[in-house]
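Each remark here refers to the structure printed beneath this line.
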Amino acid sequence: LVCIICSLSAVANADCSAASPKPFLLPLSNCTIPPNIDFQYGVDSWGLQLIIASQNLCVVPSTVVNNTLITQTELCTQNNDGSSTVAQCISRRGGTFNDEQSSSSYSNISVQSLAPDPVWDLLGNPPFGGAGNATVQLPSGITIPDFPIALVLEGQNLNANQLGLANTSVLLHSFVSAGLSSTMSFGFLAGSQSITQPWDGHIAFGGFDAASVYGSFTNYTMTNSTVTGDRPCSLAVDVTGLTLRLPDGNEVELISSEVMPSCIEPYDNLFRFPSNVVQQFQTSIGLSNDSSLVSPQLYIVEPGIYYNTSFDASLVFTLAGGLEVVIPSHELLGPLRGIDQNGMRVLQSNVTMVNIFSGSVPLDTATLGKVFLSQASLSQL
Numbered sequence: 001l002v003c004i005i006c007s008l009s010a011v012a013n014a015d016c017s018a019a020s021p022k023p024f025l026l027p028l029s030n031c032t033i034p035p036n037i038d039f040q041y042g043v044d045s046w047g048l049q050l051i052i053a054s055q056n057l058c059v060v061p062s063t064v065v066n067n068t069l070i071t072q073t074e075l076c077t078q079n080n081d082g083s084s085t086v087a088q089c090i091s092r093r094g095g096t097f098n099d100e101q102s103s104s105s106y107s108n109i110s111v112q113s114l115a116p117d118p119v120w121d122l123l124g125n126p127p128f129g130g131a132g133n134a135t136v137q138l139p140s141g142i143t144i145p146d147f148p149i150a151l152v153l154e155g156q157n158l159n160a161n162q163l164g165l166a167n168t169s170v171l172l173h174s175f176v177s178a179g180l181s182s183t184m185s186f187g188f189l190a191g192s193q194s195i196t197q198p199w200d201g202h203i204a205f206g207g208f209d210a211a212s213v214y215g216s217f218t219n220y221t222m223t224n225s226t227v228t229g230d231r232p233c234s235l236a237v238d239v240t241g242l243t244l245r246l247p248d249g250n251e252v253e254l255i256s257s258e259v260m261p262s263c264i265e266p267y268d269n270l271f272r273f274p275s276n277v278v279q280q281f282q283t284s285i286g287l288s289n290d291s292s293l294v295s296p297q298l299y300i301v302e303p304g305i306y307y308n309t310s311f312d313a314s315l316v317f318t319l320a321g322g323l324e325v326v327i328p329s330h331e332l333l334g335p336l337r338g339i340d341q342n343g344m345r346v347l348q349s350n351v352t353m354v355n356i357f358s359g360s361v362p363l364d365t366a367t368l369g370k371v372f373l374s375q376a377s378l379s380q381l
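When we follow our numbering, the leftmost residue of the sequence shown carries the number 1, and every step to the right adds one.
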C-alpha cells in the first residue's frame, strides 16, 4: 500500500500545539439499513453511516462538492426515470431523506444560503432541489447541530449521497469551528470492495492514521486549483505511464508519450479513462465488451466492461516523479455485482466485469476512484 501525502494550499491556519485535538477516525465499510417505514426493503450500500434529523443514511466521501448532498425521497418515488425500481433507486444512493417526516431537528433553509459548488454546476448537474439545517449524528458519538445539507430532487447521475470534502468543505469547516479538528485536513483509506479480498477502510479528520500505513510512504504534492484536462478537481495528478500486465508476462502501454491528467475522486468506484485508453485496453485483451450478458433484473451503478470469461491482469500507474501504484487482478476485475429489484447487492457470477467505466468520461478527463485508492492511502494535509 502506497501512502500519498498531498500537500495542498487550502489548509486552514491552525494552532499545532500539544493541546490540538488528535485526528479521529470514522469507518468506511458496507453500509446496511434494515427495512423500516422509509425503506421497505432496507438499504444495501457502502460508505459512512450517519443519522440526519433522526433518519439513517449512508454517504460516500466526495471531493467534487463542498456541501453534503442528500437525495430526497421524491427523486425515487416520483421523479424516477423508470430505469430502476424504487428499491434499487433508494439502495444505490445509500437511502433517501424525507423532509416531510423529519423531526424537530430539521428546518428548511434557502438554497442560496448554501456554500457555492462550482464543479457540481460545471459537470451539468441540475440545481439543488432544496436545503435544510439538520442535526447530524456521526459514529463515535459526534453530533453536529444545525448542519447545512443540500437536497437533490432531480437527475439520475447521482449514485450516492455525497459527504462534501472539496476545497472549501462545509463539513471540514464545521469540525474546525466545533474544536473537533485543528485543521481542514483528512486522511482517506478506502479499503476494498473486491469480491475475493474485501477489507474495511476509514476516513480520518484532522490528519491521517499513521498506524494503518504500511509499505512505501510517499510525499506527493498535488494541486487543488489547476484545471486537470478540461475539468477542475480538488486532487489532481499527472499519470505519465499506464501499463497493462497480461497473464503471459507481456506488458502493453495504454498511453504513449503523452501525460494523462487525472482527478483522484473517492466518490467514483471505477477508473474513468478517455475513450482512446479504453479502446487500447480492449484491443490488448482481445475481447469485446458485451453488455447483453448483464441480467435485465440487475441495476449496475457504474457500468464497466463485461466479458464472459475471467483472466489475470493488472494495471501499473506511474505518476509524475516516478511513483508507481499497482492495481492487482482481484481489484481490476471480478464477478459482476449489481442491485436486484429489491435493492440488495448480488453477484452474477457468469459475467466478469473489468472495473473500467464503459461510458463517456466527464469533460474527457481521467478519474481515479476507489479501486485506485484501494492501493493508495490518501491524505490531504
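Glycine is no exception: its CB is placed at the ideal position from the N, C-alpha and C atoms.
Computed from a prediction, not measured in an experiment: that's the story for all the values here.
>> Could you check whether residue 25 and residue 203 sit closer than 9 Å to each other, using their CB atoms as the reference points?
In response: Cβ distance < 9 Å, so residue 203 and residue 25 count as in contact.
>> On a Cα-Cα basis, can you pick out the residue from 339, 269, 276, 319 that is closest to residue 297?
In response: Comparing Cα positions, the closest option is 339.
> Between the C-alpha atoms of residue 186 and residue 152, what's the straight-line distance to the nearest angstrom?
Replying inline: For residue 186 and residue 152, the distance between alpha carbons rounds to 25 Å.
> What are the boundary residues of the beta strand (DSSP E) that includes residue 349?
Replying inline: For residue 349, the enclosing beta strand (DSSP E) stretches over residues 345 to 354.
> Which runs of the beta strand (DSSP E) spanning at least 3 residues fall entirely within the region 236 to 308, listed in chain order?
Replying inline: If we require 3 residues or more, the beta strand (DSSP E) runs fully inside the region 236 to 308 come out as 236 to 245, 251 to 253, 260 to 264, 305 to 307.
> Which residue's Cα is closest to the Cα of residue 162: 111, 139, 48, 114?
Replying inline: Comparing Cα positions, the closest option is 48.
> Using the C-alpha atoms, what's the distance from residue 150 back to residue 158?
Replying inline: In this structure, the alpha-carbon of residue 158 lies about 13 Å from that of residue 150.
> How far does the beta strand (DSSP E) with residue 337 in it reach, from first residue to last?
Replying inline: Where residue 337 is concerned, the enclosing beta strand (DSSP E) stretches over 333 to 339.
> Is there a Cβ from chain C that is less than 9 Å from the Cβ of residue 254?
Replying inline: Absence of chain C from the displayed structure is noted, only one protein chain being present.
> Which residue comes first and which comes last in the beta strand (DSSP E) that contains residue 27?
Replying inline: Residue 27 -> beta strand (DSSP E) spans 24 to 33.
> Distance, Cα to Cα, residue 278 vs residue 364?
Replying inline: Just so you know, the alpha carbons of residue 278 and residue 364 end up roughly 12 Å apart.
> Where do the N-terminal and C-terminal ends of the beta strand (DSSP E) with residue 205 fall, by residue?
Replying inline: Start and end: 201 to 205.
> Can the beta-carbon of residue 352 be found less than 9 Å from the beta-carbon of residue 335?
Replying inline: A contact, by the Cβ cut-off of 9 Å.
> Helix, strand or coil: which one does DSSP assign to residue 93?
Replying inline: If DSSP states are grouped into helix, strand and coil, residue 93 belongs with coil.
> Taking the alpha helix (DSSP H) that residue 209 falls in, what are its first and last residues?
Replying inline: No alpha helix (DSSP H) contains residue 209, which DSSP labels as neither H nor E.
> Taking the Cβ atom as the reference point for each residue, do residue 182 and residue 21 lie within a distance shorter than 9 Å?
Replying inline: For residue 182 and residue 21, yes; Cβs fall inside 9 Å.
>> Below 8 Å on the Cβ atoms is my contact criterion, and I expect residue 314 with residue 191 to pass it. Report the Cβ-Cβ distance as a whole number of Å.
In response: At roughly 19 Å, the Cβ-Cβ gap does not stay under 8 Å, so residue 314 and residue 191 are not in contact.
> Taking DSSP as the reference, what is the three-state secondary structure of residue 121?
Replying inline: Residue 121 falls in the helix class under three-state DSSP.
> Touching or not, the region 49 to 61 and the region 86 to 101, by the rule of three or more beta carbon pairs under 8 Å?
Replying inline: Touching, yes, given that three or more Cβ pairs across the two stretches are closer than 8 Å.
> With residue 243 and residue 252 assumed to form a contact (beta carbons below 8 Å), what rounded beta-carbon distance in angstroms separates them?
Replying inline: Indeed they touch by this definition, with Cβ atoms about 7 Å apart.
>> Please list the terminal residues of the continuous beta strand (DSSP E) segment that includes residue 135.
In response: If you look at residue 135, you'll find it in the beta strand (DSSP E) that goes 130 to 138.
>> Could you pull the DSSP bridge partners for residue 43 from this structure?
In response: Answer is 33, bridged to residue 43.
> Per DSSP, which one or two residues make a beta bridge with residue 70?
Replying inline: 151.
>> If contacts are defined as beta-carbon pairs under 8 Å, then residue 61 and residue 114 qualify, I think. What distance do you get, rounded to the angstrom?
In response: Not confirmed; about 19 Å, so no contact.
> Counting Cβ pairs closer than 8 Å, one from the region 65 to 84 and one from the region 369 to 377, do we hit at least three?
Replying inline: No contact exists between the region 65 to 84 and the region 369 to 377.
>> Only counting the same chain, and skipping five residues up and downstream in sequence, which positions put a Cβ closer than 7 Å to that of residue 74?
In response: Around residue 74: 153.
> Among 205, 281, 156, 194, which residue has its Cα nearest to the Cα of residue 178?
Replying inline: Minimum Cα distance to residue 178 is reached at 205.
> In this structure, what does DSSP give as the bridge partners for residue 58?
Replying inline: According to DSSP, which records beta bridges pairwise, residue 58 is partnered with 49.
>> Rounded to the nearest angstrom, what separates residue 254 and residue 241 at their Cα positions?
In response: Using only the alpha carbons, I get a separation of about 8 Å.
> If you draw a straight line from the C-alpha of residue 164 to the C-alpha of residue 65, how long is it?
Replying inline: Each residue's Cα considered, the two are about 5 Å apart.
> Start and end of the alpha helix (DSSP H) containing residue 371?
Replying inline: Annotation: the continuous alpha helix (DSSP H) that includes residue 371 extends over 370 to 373.
> Between which two residues does the alpha helix (DSSP H) containing residue 361 stretch?
Replying inline: Note, residue 361: premise wrong, no alpha helix (DSSP H); not H, not E.
> Are the beta-carbon atoms of residue 234 and residue 134 separated by less than 9 Å?
Replying inline: The beta carbons of residue 234 and residue 134 sit no closer together than 9 Å.
> What first and last residue would you give for the alpha helix (DSSP H) that runs through residue 175?
Replying inline: Per DSSP, the continuous alpha helix (DSSP H) segment holding residue 175 begins and ends at 170 to 177.
> Short check: CB of residue 51 to CB of residue 137, under 9 Å?
Replying inline: Less than 9 Å separates the beta-carbon of residue 51 from that of residue 137.
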